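Visitor: In order, the protein sequences belong to chains D and F.
Just so you know, we're using my numbering here: the first sequence kicks off at 416 and counts up by one.
Just so you know, we're using my numbering here: the second sequence kicks off at 218 and counts up by one.
Virtual Cβ for every residue (Gly too), placed ideally from N, Cα, C.
Because the structure is a prediction, the values reported are computed rather than measured.
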Amino acid sequence: MTTTNILPPTTPLLPSARGPRPRRRRLGKSPVDDNPMRMIITTGADRWIIYGLLIVMGLVFAFPLYAMVAKSFQGFGINNYISLVTDPVGEVPIVLTYVNSFVIGLIHAAFVVAISTTAGYALSKLQFRGRELAFAGIILFLAVPGTALLVPVFHITNQLDLFNNYLGVALPEAALTIPFGVLLLRNFGRNVPDSLIEAAKLDGASHFSVFWHIFLPLARPAVVNLIVLCMIWSLQDFLWPSMLFTNPDVTTAAQAVSSFSNQLGRSPEDFGRYNASLVLLAVPAVLFVVFGLRFIVNGLTSGSTKD
Amino acid sequence: MSITMRTTKKHKRRSDWLVALIFLSPLLVIYAVYYLYSIVFLGQTSVQRIGISLLRPVQVGFDNFALLFTDPVFGRAILNNLMYAGISISVALTVGFFIAVTLSTGVRARKLFYLVFLLPALMPLSLVATIFGSMLQERFGVLNETLRAVGLGSLAQSWLTTPGLAFAAVALIFCYLIGLPIMYYTADLSALPTSSLEAALLDGAGTFRIMREIIYPMMKSTHITVVLALLLGSFRALEQVLFSTDGGPGSTTEIVGTYLYSYTNSGGKTIGFAAAASTIVLVIALVISLVQLYFTRSRKDEQ
Numbered sequence: 416m417t418t419t420n421i422l423p424p425t426t427p428l429l430p431s432a433r434g435p436r437p438r439r440r441r442l443g444k445s446p447v448d449d450n451p452m453r454m455i456i457t458t459g460a461d462r463w464i465i466y467g468l469l470i471v472m473g474l475v476f477a478f479p480l481y482a483m484v485a486k487s488f489q490g491f492g493i494n495n496y497i498s499l500v501t502d503p504v505g506e507v508p509i510v511l512t513y514v515n516s517f518v519i520g521l522i523h524a525a526f527v528v529a530i531s532t533t534a535g536y537a538l539s540k541l542q543f544r545g546r547e548l549a550f551a552g553i554i555l556f557l558a559v560p561g562t563a564l565l566v567p568v569f570h571i572t573n574q575l576d577l578f579n580n581y582l583g584v585a586l587p588e589a590a591l592t593i594p595f596g597v598l599l600l601r602n603f604g605r606n607v608p609d610s611l612i613e614a615a616k617l618d619g620a621s622h623f624s625v626f627w628h629i630f631l632p633l634a635r636p637a638v639v640n641l642i643v644l645c646m647i648w649s650l651q652d653f654l655w656p657s658m659l660f661t662n663p664d665v666t667t668a669a670q671a672v673s674s675f676s677n678q679l680g681r682s683p684e685d686f687g688r689y690n691a692s693l694v695l696l697a698v699p700a701v702l703f704v705v706f707g708l709r710f711i712v713n714g715l716t717s718g719s720t721k722d
Numbered sequence: 218m219s220i221t222m223r224t225t226k227k228h229k230r231r232s233d234w235l236v237a238l239i240f241l242s243p244l245l246v247i248y249a250v251y252y253l254y255s256i257v258f259l260g261q262t263s264v265q266r267i268g269i270s271l272l273r274p275v276q277v278g279f280d281n282f283a284l285l286f287t288d289p290v291f292g293r294a295i296l297n298n299l300m301y302a303g304i305s306i307s308v309a310l311t312v313g314f315f316i317a318v319t320l321s322t323g324v325r326a327r328k329l330f331y332l333v334f335l336l337p338a339l340m341p342l343s344l345v346a347t348i349f350g351s352m353l354q355e356r357f358g359v360l361n362e363t364l365r366a367v368g369l370g371s372l373a374q375s376w377l378t379t380p381g382l383a384f385a386a387v388a389l390i391f392c393y394l395i396g397l398p399i400m401y402y403t404a405d406l407s408a409l410p411t412s413s414l415e416a417a418l419l420d421g422a423g424t425f426r427i428m429r430e431i432i433y434p435m436m437k438s439t440h441i442t443v444v445l446a447l448l449l450g451s452f453r454a455l456e457q458v459l460f461s462t463d464g465g466p467g468s469t470t471e472i473v474g475t476y477l478y479s480y481t482n483s484g485g486k487t488i489g490f491a492a493a494a495s496t497i498v499l500v501i502a503l504v505i506s507l508v509q510l511y512f513t514r515s516r517k518d519e520q
């Protein structure tokens, strides 16, 4: 939502189901049958070149994180961490900033799921004139930069009296995520066979009960992906909290970075502690990514599916 | 509900516009408040001189736009946006593509590699940019310390305050965040038709030739997706610069995001000016979105 931009690729991320079934009887299964992409490495030398390049690039990518961890022990070693826990630097403990990000993420996700599923159903399973035009009009806002809406959203938040309120940040976040959510759920809906809907309608079910009893249960994987993405985008979002939150009690994790760098990042003797505070901020994010990676990848890459 | 049932029974070719309206109404409410009202408000405010309190506006006509178009920093910001987008696009189309293809060939420790390459794009960007800033810090940053430790102290630089180097440092942060393109490539690679790969193998083509001459051209639609996503992403960017160089030194690394952010936060009577700049940026983003809609449409027709 904030900076990650989402345009759908043409196909979902699925394990390749093409090619013949793996033969299990002799010599185990052949790797080529399992994954046709394996064929393209033709010689052993190529394999080593590829490993070499991947490892070098991996080290380059990991270096900034390594640098942060290494620096975090400078000066007083582990005491850098202990002092951060016993004597929090920002006005709120790091754990609380994560609780705040998490709560905002949940509200953000609730709005996005409620609105995207209903709109996705309408745009894929209901017949009405101008449906494609309505879809295009909604998707047009897929890439609106949050910074371009700063002035009006500040005003709207003021009018709704939502400063320092989780809702005040979750709503603009949701507004920016909804175009993506609609795209995801509408494309999902197009893959739900019409015959299922027709059969239920013949039994006398209304569209509302079809939506609730058939569409929503089927859409569960897409909804789970969407929830995880909303959580990660709320965790990443710096823009809205920094504009709309002034009360330290509601500070989010992304916001805490700036208060740490203001208070610790300037002086040499605090530099170790400063990096330790960054490590503590990174740990929950890393854990979240490690456990949610599958949902994140599935969600981002199944925005559009082949018909 | 009963209304829908009746219409359904009356004619086979039914139109569900009333139900559709009900299903779309939550979306319409949010869009009305956060997009429609925002755009009207931006239009109104962009012709005023006004502070963030929004009290006592002075109508100034198109003065804000005139100021904006004569401000070299705004032009610089847009140019920087395009350059950072261009640099990250070229890295994504080469390095990103290579990483995605090689990781799809079933190398060992695949999950670990994915994690290393995707993690930066999924962490709070303020944190990533701050980590870079700390690493490149002049006196006690790890990079300069390492250079001094191995006797290359003469190469140590003030990375974030020398114009050319600061620009390169921000470009590096943009390139560090190529996780998303890697995901797109990975997804589309899994559905690649294998027949042409087999044909190329029979012809005796080597690994890297297959990648370059067979797979690369086959992924044209993914390339377009990647280009547009990164282009639009650069207009959404803020933290990458705000937390590393803050647009400095001077305005060498200023981007549209930091430009809008600083005028909105400046505390003076700059809100009308910020609104005018926001209007222009919004128009740019919507135009690129239209281009994207056009491309995805024509792609669908081909299938």
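Does the Cβ-Cβ distance between Leu538/D and Arg546/D come in under 8 Å?
Guide: Within the first sequence, residue 538/D is the residue found at index 123, counting from 1. Within the first sequence, residue 546/D is the residue found at index 131, counting from 1. Yes, Cβ-Cβ distance for Leu538/D and Arg546/D is below 8 Å.
Visitor: Cβ of Gly484/F less than 8 Å from any chain D Cβ?
Guide: Taking the second sequence and counting its residues from 1, the one referred to as residue 484/F is at position 267. Chain D, which has no Cβ nearer than 8 Å to the Cβ of Gly484/F, makes this no.
Visitor: Starting from the beta carbon of Tyr433/F, find every residue of chain D whose beta carbon is closer than 7 Å, and list them in chain order.
Guide: Numbered from 1 along the second sequence, position 216 holds the residue referred to as residue 433/F. Result: empty, since nearest Cβ-Cβ is about 12 Å, beyond 7 Å.
Visitor: Assuming Thr481/F and Ala491/F are in contact, meaning their beta carbons sit under 8 Å apart, how far apart are those beta carbons, in whole angstroms?
Guide: Walking along the second sequence from the start, residue 481/F turns up at place 264. Walking along the second sequence from the start, residue 491/F turns up at place 274. About 5 Å separates the two Cβ atoms, so the contact holds.
Visitor: Does any residue of chain D have a CB that is nearer than 8 Å to the CB of Val236/F?
Guide: The count along the second sequence starts at 1 and reaches residue 236/F at position 19. Judged by the 8 Å Cβ criterion, Val236/F is in contact with chain D.
Visitor: If you reduce the DSSP assignment to three classes, tell me which class Arg601/D lands in.
Guide: Position 186 of the first sequence, counted from the first residue, corresponds to residue 601/D. Arg601/D: helix per DSSP, three-state reduction.
Visitor: First and last residue of the alpha helix (DSSP H) that includes Ala366/F?
Guide: As a position in the second sequence, residue 366/F is number 149, starting the count at 1. Ala366/F -> alpha helix (DSSP H) spans Val359 to Ala366.
Visitor: Go to Ser489/D, then tell me how far its alpha helix (DSSP H) extends in each direction, as first and last residue.
Guide: If you number the first sequence from 1, residue 489/D lands on position 74. Just to set this straight, residue 489/D is Gln in the shown sequence, not Ser. Note, Gln489/D: premise wrong, no alpha helix (DSSP H); not H, not E.
Visitor: Leu480/D: which of Ile501/F, Phe286/F and Val359/F sits nearest, CA to CA?
Guide: Taking the first residue of the first sequence as 1, we reach residue 480/D at position 65. Leu480/D has its Cα closest to that of Val359/F, out of Ile501/F, Phe286/F and Val359/F.
Visitor: Where do the ends of the alpha helix (DSSP H) carrying Val672/D lie?
Guide: In the first sequence, the residue the question calls residue 672/D occupies position 257. Per DSSP, Val672/D belongs to the alpha helix (DSSP H) from Ala668 to Gln678.
Visitor: Below 8 Å on the Cβ atoms is my contact criterion, and I expect Leu644/D with Ala669/D to pass it. Report the Cβ-Cβ distance as a whole number of Å.
Guide: Taking the first sequence and counting its residues from 1, one reaches residue 644/D at position 229. Taking the first sequence and counting its residues from 1, one reaches residue 669/D at position 254. Your pair Leu644/D and Ala669/D does not check out as a contact, with CB atoms roughly 16 Å apart and the cut at 8 Å.
Visitor: Starting from Phe258/F, trace the alpha helix (DSSP H) both ways and give me its first and last residue.
Guide: In the second sequence, the residue the question calls residue 258/F occupies position 41. Counting along the chain, the alpha helix (DSSP H) containing Phe258/F begins and ends at Tyr254 to Thr262.
Visitor: Cβ of Asn495/D within 8 Å of Cβ of Ala691/D?
Guide: What you label residue 495/D is simply residue 80 of the first sequence in a count that begins at 1. What you label residue 691/D is simply residue 276 of the first sequence in a count that begins at 1. Asn495/D places its beta carbon less than 8 Å from that of Ala691/D.
Visitor: Please list the residues of the region 378-407 of chain F that have a C-beta atom closer than 9 Å to any C-beta atom in chain D, keeping them in chain order.
Guide: Tyr393, Leu394, Gly396, Leu397, Met400, Tyr401, Tyr402, Thr403, Ala404, Asp405, Leu406 and Ser407
Visitor: Compute the distance between the beta-carbons of Ser506/F and Leu555/D, then report whether it is under 8 Å.
Guide: As a working mapping, residue 506/F is identified with position 289 in the second sequence. As a working mapping, residue 555/D is identified with position 140 in the first sequence. Contact flag set, yes.
Visitor: To which residues of the same chain is Val275/F closer than 6 Å at the C-beta, ignoring the five residues directly before and after it?
Guide: Here residue 275/F corresponds to residue number 58 of the second sequence, with the count starting at 1. Counting only Cβ-Cβ distances below 6 Å, and skipping sequence neighbours, we find Arg266.
Visitor: Taking Phe476/D as the query, report the chain F residues whose CB atoms sit under 9 Å from its CB, ordered along the chain.
Guide: Locating residue 476/D in the first sequence gives position 61, where the first residue counts as 1. Residues of chain F passing the Cβ test: Val333, Phe334, Leu336, Pro337 and Tyr393.
Visitor: By DSSP's criteria, Arg293/F is part of a beta bridge. Which residues make up the other side?
Guide: For the purposes of this step, residue 293/F is taken as the residue at position 76 of the second sequence. The partner list for Arg293/F (beta bridge, DSSP) is empty, contrary to what the question assumes.
Visitor: To the nearest angstrom, report how far apart Ser610/D and Phe630/D are at their CA atoms.
Guide: As a working mapping, residue 610/D is identified with position 195 in the first sequence. As a working mapping, residue 630/D is identified with position 215 in the first sequence. Each residue's Cα considered, the two are about 12 Å apart.
Visitor: Is DSSP giving Arg266/F helix, strand or coil here?
Guide: In the second sequence, counting from the first residue as 1, residue 266/F sits at position 49. Strand.
Visitor: Just grab the DSSP bridge partners of Val275/F for me.
Guide: Along the second sequence, one-based indexing puts residue 275/F at 58. According to DSSP, Val275/F bridges with Arg266/F.
Visitor: Would you mind telling me which residues of chain D sit closer than 7 Å to Thr319/F, beta carbon to beta carbon, in chain order?
Guide: Taking the first residue of the second sequence as position 1, residue 319/F is located at position 102. Under the 7 Å cutoff, chain D gives Ile465 and Leu469.
Visitor: Using the C-alpha atoms, what's the distance from Asn580/D back to Gly443/D?
Guide: Start at 1 with the first residue of the first sequence, and residue 443/D comes out as number 28. Start at 1 with the first residue of the first sequence, and residue 580/D comes out as number 165. Any answer about Gly443/D is weak, because its pLDDT of 41 lies below 50 and its placement is not dependable; what the coordinates show is given next. If I take the Cα positions, the gap works out to 59 Å.
Visitor: Out of curiosity, what's the CA-to-CA distance linking Tyr476/F and Thr458/D?
Guide: Your numbering for residue 476/F matches position 259 in the second sequence. Your numbering for residue 458/D matches position 43 in the first sequence. Rounded to whole angstroms, Tyr476/F to Thr458/D spans 51 Å at the Cα level.
Visitor: Count the C-beta pairs between the region 514-526 of chain D and the region 384-399 of chain F that are closer than 8 Å, then say yes if the count reaches three, no if not.
Guide: no
Visitor: Using 8 Å as the limit for Cβ to Cβ distance, is Val698/D near chain F?
Guide: Position 283 of the first sequence holds residue 698/D. Not one chain F Cβ lies under 8 Å of Val698/D.
Visitor: Is there at least one Cβ from chain F nearer than 8 Å to Pro587/D's Cβ?
Guide: Residue 587/D sits at position 172 when you count from the first residue of the first sequence. With 8 Å as the cut-off, Pro587/D counts as an interface residue toward chain F.
Visitor: Whose CA, out of Pro503/D, Thr512/D and Ile647/D, lies closest to the CA of Ala524/D?
Guide: As a working note, residue 524/D is residue 109 in the first sequence. The shortest C-alpha separation from Ala524/D is found at Ile647/D.
Visitor: For Pro567/D and Tyr252/F, I'd like the C-alpha separation in whole angstroms.
Guide: Sequence index remark: in the first sequence, residue 567/D carries index 152 (1-based). Sequence index remark: in the second sequence, residue 252/F carries index 35 (1-based). Using only the alpha carbons, I get a separation of about 9 Å.
Visitor: Report yes or no: do the region 460-475 of chain D and the region 651-667 of chain D share at least 3 C-beta pairs separated by less than 8 Å?
Guide: no
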